[in-house]
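Notes to accompany the following structure.
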Amino acid sequence: MTEESAQTPILEARDIVMEFPGVRALDGVSFEVYPGEIHALVGENGAGKSTLIKILSGVYPSGSFKGGILFNEKPVRLFSTRDSEELGIAVIHQELALVKHITVGENIFLGNEICHYGIVDYDLMFSESEKIIAKLGVTLDVRSEVVNLGVGMQQLVEVAKAMRKQCRVLILDEPTAALAEHEVNILLDIVKELKAGGAAVIYISHKIEEVFQIADRITVLRDGKTVATDPAGSWNREKVVRAMVGRDLTDMFPVVEHTPGDVALEVRNLSMEDPEVPGRTLLQDISFSVHEGEILGIAGLMGAGRTELISCIFGIAPARWEGAIRIRGKEVVIRNPADAIKAGMALVPEDRKQKGLCLILSVLENLSMVHLDEFCTGGIVDAQGEIHSCQKAVGELGIKTPSLDTIAETLSGGNQQKMALGKWLLSAPKILFLDEPTRGIDVGAKAEIHRLIGELTAKGMAVVMVSSELPEILGASDRILVIREGRLTGEFSRSEATQEKIMEVAM
Amino acid sequence: MVFILIAMWLFFRWRVGDFYFSGESIAKLSRDMATWTILAAGMTLVIVSGNIDLSVGSLLALVVGTGAFLIAPEEGMGISAGWAILIALLLGALIGVYQGFLVSYFRIPAFIVTLAGMFIFRGLTQKVSAKDPRVPDDCCVNVLGFSYVPPLASWILGVISCVILASLFLYGYKRRKQLGLDAGKPVFVAGKILLPSLAILGFVYKVNQYRGIPAQTLVMLLVMILMYFIAKHTKFGRHVYAIGGNPEAARLSGINVEKTTILVFGFMGFLTGIAGLVWMAQNQGATQKAGEWYELYAIAACVIGGTSLMGGRGSVFGSLLGALVMATVIQGMDYTGLQNWMQLVVRGGVLAIAVGIDVATKNPAPWMKRLQRTLFKRNG
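Chains A and B, in that order, are what the protein sequence lines are. Under our numbering, the first sequence has 227 at position 227, and the numbering climbs by one with no breaks. Under our numbering, the second sequence has 1117 at position 117, and the numbering climbs by one with no breaks.
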């Protein structure tokens, strides 16, 4: 890479205006990225980041928006993702686009299989795949099915796929949302290496620390407009947040001194076998308790057993388990989620799209799903009463939706997450489990969800929160448990917990 | 969908002549579609729950065969019609429950369970209906066949249903206002009452020119109303939509997915039983070929009516409209004297085109959007 080539942007968007019915998603946005540069794009959900990416990658075809795209200073018209791929633009989306039940190698060459007269040359394909994977500096069997890999590894397969295409522009949309700390570092190192090799990288993330770690320049979008584009050095965390939300975010985690009451939930000696590997334990002898009016944070790496622990308590254990669960001192048997709900528990699962919501149903149907009984007499639903309650809930939770009949899918991530939480609150639970409550949602919505959680706790609800984001665990929890490889390895109060102490027992 | 329907009616009116809009023709249309439209009502729930039932045609034949065999004095056992009806309905419901059980607890895909059922029940039918059992002329089941609600009673029924419809809408309107909800403009509420009322009264007026509301049609309409209510306004119905939308999320919300699935198939079986009785009355007995293709008519009606095969979306009312489309095509082609092979081709074509139009309006493919844009630009 010479100085000159760095002077001209490889990909440039000029004065892009994109309108959807009723919304102007992008309003005159200009954006460019140079070879050998990592350009971070940040903004709240709905700020227009994804729309911009979809325009740059040809998802929204030329003609559906106003403004121009220049590649190497020449105007181009992209009509499909195929067109952008030919130019060497590769996108790694937030939701992985891998085919689960075929091998890593086949995925890397998906759509570009190495063929002789239409017959796939597997040997060549796998050996090429191995070369690419080796470049990434990880060990991975290219003949194993993708479904057997963790989310982190799957993300790397996506990167390998992009590298195979010899991309000149790599766009990463929230690549680390689902990754654990050490997987994030591997990915960031690889991105830096690609940059050193002359590739231009557009990096989208909600995690501001990460952006500062990696970006050369940062562009902040808000409401479809560019707030500012500046070298990373001239930004700092507060400045970025202010630019994103357009106001000072004084308190992400309201530090409220909760006064814990009686023990709400007690778990004794919980052990579970690994459903996939007989003989291996996934959870070993875990005991803890949660008080009313307390937020208990559970930290740990991916795969440490945090989600499984909650699953056991909520009646959806993936395998046989032993141990005792007591609710307010009384031992209970939970065989399925219905039992758990009857016992006063609620669970906002990790993956709102797969498990939390019925995306193709309406806001109303989603909100009233758990506590439909509240409006039922003899199995018949009182439609008006239901609408009334749900409308109240929408107001209280601050869900931004055109109407109750709006399909859940069309709402932004933050609003979906509020819905996934709100469906449990029509009749207040005693114990609330939150698994990654703010994954992949913007700063504003995050703050609102934490405000809600704080309010609920103040009213005496016991909250158990699992999160991979240490700042969140540290900011919100009254007490923190750390799990490593299925064992409880640490417990901290709010005052004694630090990022370092937690990582020390988690790794 | 309504526009497609009206267009088809006008087309056949033009091809067939005055007779097409006569009371007799309309009564026949509504009568002939009754059996498989009842199946379509149950099928809507099955498809919305994310499943499919390919066995209903064969199951209908088995119910008909069993019922007729039990009643028939010569070819069968000659027991009283009351018992035979009860046994036939129970048989349908039990087989439905059993299929639901296989789907939910053994995790065999519904497609496979009911495909197997389709063979099994057809085979059993060939055994029980081997002698084509006949139902005697004086049997009470025949009421469902070719009897009619007398014109005066038809008028009373029509008016009563309009009054009920109006009071339900007005009650909802009042309740919404009380709770401070958006109740909609009074004009729209009036429209929502008036249009269906006009349709009901128009229908009654027409069929009264012939002999009144056919008994089968009445059964069909009652089933449709019942299933509409179950789907929209009961806890069970809402759970069906939830498990069709996302079974995992439904389970985590405390919904018993297995029980709901079994109930859905149970309903389907029970409705197949009812449809079977109607079929038996229409044909005064059983044949080995009873209900052939009916599963496909039922599924086609649902799909034309906007029910998504992926589950989670659809409505019983839509399926009724879809069934009307299918019935209109079938009857219209009979009137125009199209050859049998041609009729099948047209039926398939209508299915594909109707669903194609539906998809194109709701979720167009990228090239369609592009085409729309270019066309729009040239015009404007």
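Ideal Cβ placement from N, Cα and C applies to all residues, glycine included. Just so you know, these numbers come straight off a predicted model, no measurement behind them.
Delimiting residues of the alpha helix (DSSP H) encompassing residue i
i          : result
PRO337(A)  : 337–342
TYR1098(B) : 1081–1105
GLY1123(B) : 1110–1128
TRP1341(B) : 1340–1362
GLY323(A)  : First-last for GLY323(A): 321–327, but that is the beta strand (DSSP E), not the alpha helix (DSSP H).
ILE132(A)  : 122–136
PHE1019(B) : Unbroken run through PHE1019(B): none, as it is neither H nor E.
VAL1240(B) : 1235–1245
ALA160(A)  : 151–164
GLN1284(B) : Taken as a continuous stretch (DSSP letters only), GLN1284(B) belongs to no alpha helix (DSSP H), as it is neither H nor E.
SER50(A)   : 49–56
LYS501(A)  : 499–506
Under the three-state DSSP convention, the category residue i falls into
i          : result
LEU249(A)  : Confidence at LEU249(A) is low in this model, with a pLDDT of 46, below 50, so its placement is unreliable and the value that follows should be read with caution. Of the three classes helix, strand and coil, the one that applies to LEU249(A) here is coil, per DSSP.
ILE1052(B) : coil
PRO1186(B) : helix
HIS116(A)  : strand
GLU199(A)  : A small fix is needed here, since residue 199(A) is Ala in this sequence, not Glu. Here ALA199(A) sits in coil by DSSP.
PHE288(A)  : strand
MET1001(B) : coil
VAL263(A)  : strand
ILE102(A)  : coil
SER389(A)  : helix
MET302(A)  : coil
ILE334(A)  : coil
ALA25(A)   : strand
GLU193(A)  : helix
ASN185(A)  : helix
GLY1332(B) : helix
ARG1175(B) : helix
GLU145(A)  : strand
Residues that residue i bridges to, as DSSP identifies them
i          : result
TYR1148(B) : PRO1214(B)
ALA458(A)  : Answer is none; ALA458(A) lacks a bridge partner.
LYS66(A)   : VAL17(A)
TRP1036(B) : DSSP lists no partner for TRP1036(B).
GLY297(A)  : MET465(A) and ILE480(A)
ASP173(A)  : ILE204(A)
SER362(A)  : ILE407(A)
SER271(A)  : GLU322(A)
ASP435(A)  : VAL466(A)
LEU421(A)  : The partner list for LEU421(A) (beta bridge, DSSP) is empty, contrary to what the question assumes.
GLY1314(B) : None; GLY1314(B) has no bridge partner.
ILE380(A)  : THR377(A) and THR1234(B)
LEU11(A)   : VAL33(A) and PHE71(A)
THR281(A)  : GLU273(A)
ASN1134(B) : Looking at the sequence provided, one finds Arg at residue 1134(B) rather than Asn. Paired residues: GLY1285(B).
Endpoints, the beta strand (DSSP E) within which residue i is located
i          : result
TYR1297(B) : Taken as a continuous stretch (DSSP letters only), TYR1297(B) belongs to no beta strand (DSSP E), being part of the alpha helix (DSSP H) at 1294–1304.
LYS74(A)   : 74–76
ARG217(A)  : 217–222
THR229(A)  : 225–231
ALA346(A)  : 345–348
PHE492(A)  : 487–493
ILE92(A)   : 89–92
ALA40(A)   : 38–42
* To do: Below 8 Å between beta carbons is the criterion; list the residues of the segment 1110–1135 of chain B that meet it against any residue of chain A, in chain order.
  => Here the close residues number zero.
* **Interfacial residues, the segment 452–482 of chain A to chain B, with Cβ spacing under 9 Å** => Going along the segment 452–482 of chain A in chain order, one finds no residue with a Cβ nearer than 9 Å to chain B.
* So does the segment 398–407 of chain A actually touch the segment 1280–1289 of chain B, counting three or more Cβ pairs closer than 8 Å? -> Under the three-pair Cβ rule at 8 Å, the segment 398–407 of chain A does not count as touching the segment 1280–1289 of chain B.
* Anything in the segment 379–399 of chain A with a Cβ closer than 9 Å to a Cβ of chain B? List those residues in chain order, please. => Those would be GLY379, ILE380, VAL381, ASP382, ALA383, GLN384, GLY385, ILE387, HIS388 and GLN391, in chain order.
* Which of the residues in the segment 412–425 of chain A, read from start to end, lie with their CB under 8 Å from any CB of chain B? -> Going along the segment 412–425 of chain A in chain order, one finds LYS423 with a Cβ nearer than 8 Å to chain B.
* To do: Take every Cβ of the segment 406–417 of chain A, pair it with every Cβ of the segment 317–337 of chain A, and state whether three or more of those distances are shorter than 8 Å.
  => Taking 8 Å as the limit for Cβ pairs, the verdict is that the segment 317–337 of chain A does not touch the segment 406–417 of chain A.
* **chain A contacts from the segment 1309–1321 of chain B (Cβ-Cβ distance under 9 Å)** => Of all residues in the segment 1309–1321 of chain B, MET1310, GLY1311, GLY1312 and ARG1313 have a Cβ within less than 9 Å of some Cβ in chain A.
* **Cβ-based contacts, 9 Å cut-off: residues of the segment 52–83 of chain A near chain B** => Residues are counted here when their Cβ sits less than 9 Å from a Cβ of chain B; for the segment 52–83 of chain A these are PRO61, GLY63, SER64, PHE79 and SER80, given in chain order.
* To do: Mind checking the segment 140–171 of chain A against chain B and listing, in chain order, the residues whose C-beta falls within less than 8 Å of any C-beta there?
  => Legend: CB atoms of the segment 140–171 of chain A lying less than 8 Å from CB atoms of chain B are not found in any residue.
* Asked: What are the residues of the segment 1086–1108 of chain B that lie near chain A, defined by any Cβ-Cβ distance shorter than 9 Å?
  -> Taking 9 Å as the cut-off between beta carbons, none of the residues of the segment 1086–1108 of chain B comes near chain A.
* Residues of the segment 1224–1246 of chain B with Cβ closer than 7 Å to any Cβ of chain A, in chain order -> Taking 7 Å as the cut-off between beta carbons, the residues of the segment 1224–1246 of chain B near chain A are HIS1233, THR1234, LYS1235, PHE1236, ARG1238, TYR1241, ALA1242, GLY1245 and ASN1246, in sequence order.
* Asked: Does the count of Cβ pairs from the segment 1220–1237 of chain B and the segment 345–354 of chain A closer than 8 Å reach three?
  -> The answer is no - the segment 345–354 of chain A does not touch the segment 1220–1237 of chain B, with fewer than three Cβ pairs under 8 Å.
* Asked: If contact means a Cβ-Cβ distance below 8 Å, which residues of the segment 1245–1263 of chain B contact chain A?
  -> Answer in chain order: GLY1245, ASN1246, GLU1248, ALA1249, ALA1250, ARG1251, LEU1252, SER1253, GLY1254, ILE1255 and ASN1256.
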